[in-house]
Amino acid sequence: MEAATQSPTTFTLPRPVAMPTPTDPRTVARCAWRVLEEIDYGLILLSATGELQHANQLGWSELSRARFLHTESGQVVGQSVALTQELRRGLQAAAQGRRHMLMLRDGGDVLPVTCVPLMPMEGSATPVLLMLARQSATRNLNVGFFSRTHGLTAAEESVLRHLCEGLQVKEIARAKGITPSTVRTHLRSLREKTGLRHIRLLAQRVAMLPPMLPTNPTLPGTPGRMVHQ
């Protein structure tokens, strides 16, 4: 008696759905700028010579604060001659196709910036994207949404924010004006409500959340600002 042969199972993949292609380049550009507003990094688009082209909300926030960089006659420059020279070196490297990292310093403050060369448009020089250091998790909406999702109290959320800033138990106690034992009680409750045994994992979980940024209508050019079409 012949053994029954089993025919191989075949799968029919669904036909891919054709996505509509926008015909208006301005529509594509507006959508792209909106996407940039949701990125938790300051983004500043420059020409190879430092001329400002575009910045998202966080990029404009940094420029308006003028801690390290600001605009001057349409150019992005440093707050000092040394910072401007360092920025120019990064732009020159990016214009040659090399990524370059800057550590802009002003006293004890440091702003890490990456200069990223972009694909040039036909007949134009290589544009450069400045990517500023990531927005702190305690300055966006992540912690608030995370707290509501897990049913944290206002006191527990406050401790969580300090924890994400790297503070230790005694430092959190001093900042909040409470005893270290009270901080530990909040931390124990945080572990129970989130299901995470270690506080280190809790801080990592918050740091890995997708960015949720508030819209700040007081910033110039919000949301985003295209300088040159």
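For the sequence shown, the UniProt record's numbering assigns the number 1 to the initial residue and increments by one for each residue that follows. Heads up, the beta-carbon is just placed ideally off N, CA and C, and yes, glycines get one too. Please read these numbers as outputs of a predicted model, since none were measured by experiment.
Return the chain-ordered list of same chain residues with a C-beta closer than 8 Å to the C-beta of residue i, the five sequence neighbours on each side being excluded.
| i | result |
| --- | --- |
| arginine 98 | Pro117 |
| valine 143 | Ala137, Glu157, Leu160, Arg161, Cys164 and Val206 |
| serine 47 | Gln53, Ala125, Pro127 and Val128 |
Identify, in the order they occur along the chain, each residue of the same chain with its Cβ nearer than 6 Å to the Cβ of residue i, setting aside the five sequence neighbours on each side.
| i | result |
| --- | --- |
| histidine 228 | The pLDDT assigned to histidine 228 is 43, lower than 50, so where the model puts this residue is not dependable, and the model offers no usable value. |
| alanine 203 | Leu163 and Cys164 |
| residue 230 | Residue coverage of the chain in this structure runs from 1 to 229, which leaves residue 230 outside it and unanswerable. |
| glycine 42 | Leu58, Gly59, Glu62 and Leu132 |
| alanine 93 | His100 |
| leucine 209 | Asn142 |
Can you tell me where the alpha helix (DSSP H) with residue i in it begins and where it stops?
| i | result |
| --- | --- |
| leucine 89 | For the record, residue 89 in the displayed sequence is arginine; it is not leucine. Unbroken alpha helix (DSSP H) run through arginine 89: 81-95. |
| histidine 198 | Per DSSP, histidine 198 belongs to no alpha helix (DSSP H) and is neither H nor E. |
| arginine 105 | No alpha helix (DSSP H) contains arginine 105, which is instead part of the beta strand (DSSP E) from 100-106. |
| serine 158 | 154-164 |
| threonine 185 | 180-194 |
In terms of residue numbering, what span does the beta strand (DSSP E) encompassing residue i cover?
| i | result |
| --- | --- |
| isoleucine 44 | 41-46 |
| residue 234 | In the structure displayed, the chain extends from 1 to 229; residue 234 sits before or after that span and is not available. |
| leucine 130 | 128-134 |
| threonine 114 | 109-117 |
| leucine 209 | It is not in any beta strand (DSSP E) - leucine 209 carries neither H nor E in the DSSP assignment. |
| glycine 78 | 75-78 |
Could you have a look at residue i and say whether DSSP puts it in helix, strand or coil?
| i | result |
| --- | --- |
| threonine 149 | helix |
| alanine 66 | coil |
| glutamate 51 | strand |
| glycine 144 | helix |
| threonine 71 | strand |
| proline 120 | coil |
| glutamate 38 | coil |
| alanine 125 | coil |
| glycine 224 | In this predicted model, glycine 224 has a pLDDT of only 45, less than 50, meaning its place in the structure is not dependable enough to derive any value. |
For residue i, collect the residues of the same chain with a Cβ closer than 7 Å to its Cβ; drop the 5 residues on either side in sequence, then sort them by chain order.
| i | result |
| --- | --- |
| histidine 186 | Ala155, Glu156 and Val159 |
| histidine 150 | Lys193 and Thr194 |
| glutamate 51 | Gly74 and Gln75 |
| leucine 219 | Interpretation of leucine 219 is limited by its pLDDT of 46, a score under 50 that renders its predicted location unreliable; no figure is taken from the coordinates. |
| tyrosine 24 | Inspection of the sequence shows that residue 24 is occupied by aspartate rather than by tyrosine. Cβ within range, chain order: n/a, list empty. |
| alanine 175 | His162 and Leu167 |
| threonine 71 | Leu52 and Leu63 |
| arginine 89 | none |
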